[in-house]
Amino acid sequence: MSFLIVVGSTNPAKTDAVKHICEQAFPGCTVVGVDVPSGVRAQPIGEEETSTGARNRARAALGAVAEAHMGLGLEGGVDPDGNLINCVAVVAKEGRENITWGVRFPLPPKIAARTLRGEELGSVMDEVSGLTGSKRKLGAVGILTHGLFTRSDMWRGPVACAFMPFLHPDLYDAPVPPQ
Numbered sequence: 019m020s021f022l023i024v025v026g027s028t029n030p031a032k033t034d035a036v037k038h039i040c041e042q043a044f045p046g047c048t049v050v051g052v053d054v055p056s057g058v059r060a061q062p063i064g065e066e067e068t069s070t071g072a073r074n075r076a077r078a079a080l081g082a083v084a085e086a087h088m089g090l091g092l093e094g095g096v097d098p099d100g101n102l103i104n105c106v107a108v109v110a111k112e113g114r115e116n117i118t119w120g121v122r123f124p125l126p127p128k129i130a131a132r133t134l135r136g137e138e139l140g141s142v143m144d145e146v147s148g149l150t151g152s153k154r155k156l157g158a159v160g161i162l163t164h165g166l167f168t169r170s171d172m173w174r175g176p177v178a179c180a181f182m183p184f185l186h187p188d189l190y191d192a193p194v195p196p197q
């Protein structure tokens, strides 16, 4: 079996980003998505809850497929100031872990207020934009940039950076502890 990477999501905006990066980082690998719980609210608030969701997804993804070499968790959240945040966690079968963060940008105040009251950003964006299932396609960032930068684009950078200790283990001599 080829090098198997399991993503803790079946959302194409996330799995497509991981596939794009992994095809370059690990030629010949196989990437699959599985539906696993994040263990946090549907709309995580703050860095701690968002990173916990990413770690939980990565660990659950790795555990969901016996042949998996790595599990990835991608979790979007909103910080208390109303900024969209996104976190990627990677957990390898041999125990190495890493967490990275992606872009942070302010949500429109009315949208931020609704998410901070507990509404999921994807549902709010669907209502505001008139789209359906936007979190599986353009995402909030894609809607707000008129497609210049999509949700899948947003995930590519932190996914690539999450692999740094795995691509250069000689420079990262010990497992990177969760933050």
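Heads up, the sequence shown is in our numbering, so the first residue is 19 and it goes up one at a time.
Glycine included, every Cβ here is placed at the ideal spot set by N, Cα and C.
Being a predicted model, the structure only gives us computed values, none of them experimental.
- Message: Less than 8 Å between the beta carbons of GLY89 and ILE63, yes or no?
- Response: In terms of Cβ geometry, GLY89 and ILE63 do not form a close pair [threshold 8 Å].
- Message: Quick check on the burial criterion: 16 or more other C-beta atoms within 10 angstroms. Buried or exposed for ARG59?
- Response: ARG59 should be labelled exposed.
- Sorted by chain position, which residues of the same chain lie with C-beta nearer than 6 Å to VAL142's C-beta, five sequence neighbours on each side aside? For VAL142, where only same-chain residues beyond five positions count, the Cβ hits under 6 Å are ILE129, ARG132.
- Under 6 Å Cβ to Cβ from ALA78, same chain only, skipping five residues before and after it: list those, please. If we look at ALA78 and ignore the five residues flanking it on each side, its Cβ neighbours are GLY26, VAL54.
- Query: First and last residue of the alpha helix (DSSP H) that includes GLU145?
  - Reply: Counted as a single uninterrupted DSSP element, the alpha helix (DSSP H) harbouring GLU145 occupies residues 139-147.
- What number of angstroms, rounded off, separates the C-alpha of VAL50 from the C-alpha of LYS37? In a straight line, the C-alpha of VAL50 is about 9 Å away from that of LYS37.
- Query: In the region 53-86, which residue ranges form an unbroken alpha helix (DSSP H) of at least 4 residues, counting only runs that do not cross its ends?
  - Reply: The qualifying runs are 64-82.
- Message: Restricting to Cα atoms, I'd like to know which of PHE184, THR118, ASP188 is closest to ALA72.
- Response: Closest in C-alpha terms to ALA72, from the list PHE184, THR118, ASP188, comes THR118.
- Item | Own chain residues within Cβ distance below 6 Å of CYS109, not counting five before or after | First, the amino acid is wrong: residue 109 is Val here, not Cys. ALA76, ARG77, LEU80, GLY89, GLU115.
- Task: Pull up the CB-CB distance for LYS153 and GLY140, whole angstroms please, since I reckon it's below 8 Å.
- Result: Sure, about 3 Å apart at Cβ, within 8 Å.
- Query: So what does DSSP say about GLY51, is it helix, strand or coil?
  - Reply: It is a strand residue.
- Message: Please classify GLY91 as buried or exposed, where buried requires at least 16 neighbouring CB atoms within 10 angstroms.
- Response: Counting Cβ neighbours within 10 Å, GLY91 comes out buried, since at least 16 surround it.
- Less than 8 Å separating the beta-carbons of ALA82 and VAL24? In this structure, VAL24 lies closer than 8 Å to ALA82 by Cβ.
- Message: Less than 8 Å between C-beta atoms, sequence neighbours within five positions excluded: which residues of the same chain meet that for SER20?
- Response: Result list for SER20: GLY46, CYS47, THR48, in chain order.
- Item | Residue ranges of each alpha helix (DSSP H) within the region 88-168, 4 or longer | Whole alpha helix (DSSP H) segments, 4+ residues: 127-134, 139-147, 157-162.
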